[in-house]
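Using the working numbering, read the sequence shown as starting at 23 and increasing by one per residue. C-beta atoms are modelled at their ideal positions from N, C-alpha and C, and glycine is treated no differently. Just so you know, these numbers come straight off a predicted model, no measurement behind them.
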Amino acid sequence: MRVVHVYRTYFPDPPGGLQEAIRQIALSTRTCGVEPRILTLSPTPTPTALDYPEGRVIRAKSWAAPASCDLGGPGALMKYREMADWADVVHFHFPWPFADVLHLLGRTKKPTVMTYHSDIVRQKALGAVYGPLMRRTLGSMSAVVATSPAYAQTSETLTACVSKERLKTIPLGIIDYRDAPHPADAQRDMANRLGLAEGEPYFLALGVLRYYKGLHTLVEAARYVKAKIVIAGSGPERERLAALAQQTGASNVVFAGQVTHEEKVALLKGCRAMVLPSHLRSEAFGMVLVEAEMFGKPMVCCEVGSGTSYVNEDGVTGFVVAPEQPQELARAMNALLGDDDLAARMGHAARARYEALFSGEALGNAYSALYNDVTR
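See the structure below:
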């Protein structure tokens, strides 16, 4: 079974949660007999082909990226046609409007699958212009996958454009790396870099610092939390958040910047809990929550009607609170900070939920079954 994944950007260009989701799907399905490849754009596509453990990455030139929508030229279309001819299944990842153009002009004849990662939330003008093509593409898919039952039920686009028999639900997942060998002194080195005392409890926010992450609420909540809050990652909101922390006197907020994989593991192992305060549906799933569950850590997130409150089961694996409510967010964090038994119990439940729903094995089996189904 040969599958080509189609998305606007991929490693080694700056990473994000969706690129990691594609990587995990590709890696997980390889063990089920699937040969994955990834077709993508890059502002510097040299070399044009890269070989990774998850499969070969084929890159065309990204000529522009208005509203985070990378646009390619004739070269991208030619590569798309070549890859679609090679594949048994073409797997699109939404949203990326240029992929709809490739699908249309590429005259795709193979079975097609689309993973619907998120509604178009912020770019309303783009959504209005793109609407007819989007509806055409969604209506033509052999199957469309929502990443959580909540998103399948609450997305107006999915409800309007995809019939019930073609709409599937497959949660995202991550292959377990909790117990993989890691440098023994990584946690100590990270603690020293961030000024954390040995054994000092801290909360972790992890990921690209984007507008929908709700990190302004976390910074505003910091003055009510008697522990350090480590914000790891880089992104366009970095300066604004630093200014807000200074303005509000949030001296317990530590900006770690971009971290390596080993540093991320050290932070996950050492943190009291993961906090994901995203306040918009652009946060459709929250892969960092799955990583927290993998490490047996409780979580605090916000109820935005997406998959975040599916990954984090309120009162079981952590707490789900109202968005943009700093004091409510702080209360949930303090509950985990002040009760060791509660934090441990929710952490154990988080690990069990990961193993049942979000492991690499579950992910690979679900998608390979879907590929086989659409090619029958």
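Of the choices 24, 258 and 239, whose alpha-carbon is the least far from that of residue 231? Numbered from 1 along the sequence shown, position 209 holds the residue referred to as residue 231. The shortest Cα separation from residue 231 among 24, 258 and 239 belongs to 258.
Give me the residue from 374, 117 and 103 with the minimum Cα distance to residue 111. Position 89 of the sequence shown, counting from 1, holds the residue named residue 111. Here the closest residue by C-alpha is 103.
Could you say which of 74, 78 and 118 lies nearest to residue 88 if we only look at CA atoms? Taking the first residue of the sequence shown as position 1, residue 88 is located at position 66. Of the candidates 74, 78 and 118, the one whose C-alpha sits nearest the C-alpha of residue 88 is 118.
Using the three-state DSSP reduction, which class does residue 365 fall into: helix, strand or coil? For the purposes of this step, residue 365 is taken as the residue at position 343 of the sequence shown. Residue 365 falls in the helix class under three-state DSSP.
Return helix, strand or coil for residue 317, following the three-state DSSP convention. Here residue 317 corresponds to residue number 295 of the sequence shown, with the count starting at 1. Three-state DSSP puts residue 317 in coil, outside helix and strand.
Residue 296 lies in the beta strand (DSSP E); which residues open and close that run? Here residue 296 refers to the residue found at position 274 of the sequence shown. 295-298 is the extent of the beta strand (DSSP E) around residue 296.
Evaluate residue 364 with the Cβ neighbour count: other Cβ atoms within 10 Å of its Cβ, from every protein chain shown; 16 or more gives buried, anything less gives exposed. Counted from its first residue, the sequence shown places residue 364 at position 342. Result: exposed.
Going residue by residue through the stretch 31-94, where are the continuous alpha helix (DSSP H) segments of at least 4 residues, counting only ones entirely within it? 39-52
Own chain residues within Cβ distance below 6 angstroms of residue 79, not counting five before or after: Here residue 79 refers to the residue found at position 57 of the sequence shown. Closer than 6 angstroms at the Cβ level, and outside the excluded window around residue 79, lie 32, 60 and 72.
Check the Cβ-Cβ distances between residue 203 and every residue of chain B, and say whether any is below 9 angstroms. The structure shown contains no chain B; it is built from a single protein chain.
For residue 273, does the count of other Cβ atoms within 10 angstroms reach 16, so buried, or fall short, so exposed? As a working note, residue 273 is residue 251 in the sequence shown. Classification of residue 273: exposed, given that the 10 Å Cβ count is below 16.
Can you check whether the CB of residue 322 is closer than 9 angstroms to the CB of residue 295? On the sequence shown, position 273 is the one that residue 295 refers to. On the sequence shown, position 300 is the one that residue 322 refers to. Cβ atoms of residue 295 and residue 322: closer than 9 angstroms.
At 4 residues or longer, and completely inside the stretch 186-229: list those alpha helix (DSSP H) runs for me, N to C. 208-216
Per DSSP, what are the beta-bridge partners of residue 341 in this structure? Indexing the sequence shown from 1 puts residue 341 at position 319. Paired residue(s): 322.
So, using beta-carbon positions, are residue 169 and residue 197 closer together than 9 angstroms? In the sequence shown, the residue the question calls residue 169 occupies position 147. In the sequence shown, the residue the question calls residue 197 occupies position 175. Result no, Cβ atoms of residue 169 and residue 197 do not sit closer than 9 angstroms.
Measure the C-alpha to C-alpha separation of residue 289 and residue 209 and round it to an integer number of angstroms. As a position in the sequence shown, residue 289 is number 267, starting the count at 1. As a position in the sequence shown, residue 209 is number 187, starting the count at 1. Computed Cα separation, rounded: 7 angstroms.
Are the stretch 165-184 and the stretch 325-339 in contact at 8 angstroms, needing three or more beta carbon pairs? yes
Cutoff 6 angstroms; reference residue 267; Cβ partners in own chain excluding five residues on either side: Here residue 267 is taken as the residue at index 245 of the sequence shown, counted from 1. These residues qualify, in order along the chain: 241 and 275.
Does the stretch 300-309 touch the stretch 215-228, meaning 3 or more C-beta pairs lie closer than 8 angstroms? no
Assuming the contact rule is C-beta atoms closer than 8 angstroms, residue 92 and residue 30 should be a hit. Round their C-beta distance to whole Å, please. Locating residue 92 in the sequence shown gives position 70, where the first residue counts as 1. Locating residue 30 in the sequence shown gives position 8, where the first residue counts as 1. The pair is a contact, with the Cβ atoms about 4 angstroms apart (cut-off 8 angstroms).
Does the Cβ-Cβ distance between residue 63 and residue 83 come in under 9 angstroms? Translated into positions along the sequence shown, residue 63 becomes position 41. Translated into positions along the sequence shown, residue 83 becomes position 61. It is a contact, given that the beta carbons lie within the stated cut-off.
Can you round the beta-carbon distance between residue 226 and residue 297 to whole angstroms, since I take them to be within the 8 angstroms contact cut? Mapped onto the sequence shown, residue 226 falls at position 204. Mapped onto the sequence shown, residue 297 falls at position 275. At roughly 7 angstroms, the Cβ-Cβ gap stays under 8 angstroms, so residue 226 and residue 297 are in contact.
Please name the residue or residues paired with residue 138 in a DSSP beta bridge. By one-based count along the sequence shown, residue 138 stands at place 116. According to DSSP, residue 138 bridges with 116 and 168.
Tell me which same chain residues have a C-beta within less than 8 angstroms of the C-beta of residue 356, skipping the five on either side of it? Within the sequence shown, numbered from 1, the residue matching residue 356 stands at position 334. Excluding residues within five positions, the ones whose Cβ falls inside 8 angstroms are 246, 247 and 248.
Based on DSSP bridge pairs, tell me the residues matched to residue 279. Here the question's residue 279 lines up with position 257 in the sequence shown. For residue 279, which the question treats as bridged, DSSP gives the partners 254.
Alpha carbon of residue 65 to alpha carbon of residue 132, nearest angstrom: Translated into positions along the sequence shown, residue 65 becomes position 43. Translated into positions along the sequence shown, residue 132 becomes position 110. Between residue 65 and residue 132, the C-alpha separation is close to 28 angstroms.
Near residue 376, which residues of its chain fall below 6 angstroms by C-beta distance, leaving aside the five closest residues on each side in sequence? Position 354 of the sequence shown holds residue 376. These residues qualify, in order along the chain: 315 and 316.
Residue from 211, 124, 346 and 244 with nearest C-alpha to residue 282: Residue numbering aside, residue 282 sits at position 260 when the sequence shown is read from its first letter. Answer by Cα proximity: 211.
Can you find the residues in the same chain that come closer than 8 angstroms, C-beta to C-beta, to residue 349, ignoring five residues on each side of it along the sequence? Mapped onto the sequence shown, residue 349 falls at position 327. 243 and 246, listed in sequence order.
Would the beta-carbon of residue 166 fall within 9 angstroms of that of residue 160? For this step, residue 166 is matched to residue 144 along the sequence shown. For this step, residue 160 is matched to residue 138 along the sequence shown. Closer than 9 angstroms, so yes.
Below 8 angstroms on the Cβ atoms is my guess for residue 134 versus residue 177; work out the distance and round it to an integer in Å. One-based indexing of the sequence shown puts residue 134 at position 112. One-based indexing of the sequence shown puts residue 177 at position 155. Rounded, the Cβ-Cβ distance is 19 angstroms, inconsistent with contact.
What first and last residue would you give for the alpha helix (DSSP H) that runs through residue 353? Position 331 of the sequence shown, counted from the first residue, corresponds to residue 353. 348-360 is the extent of the alpha helix (DSSP H) around residue 353.
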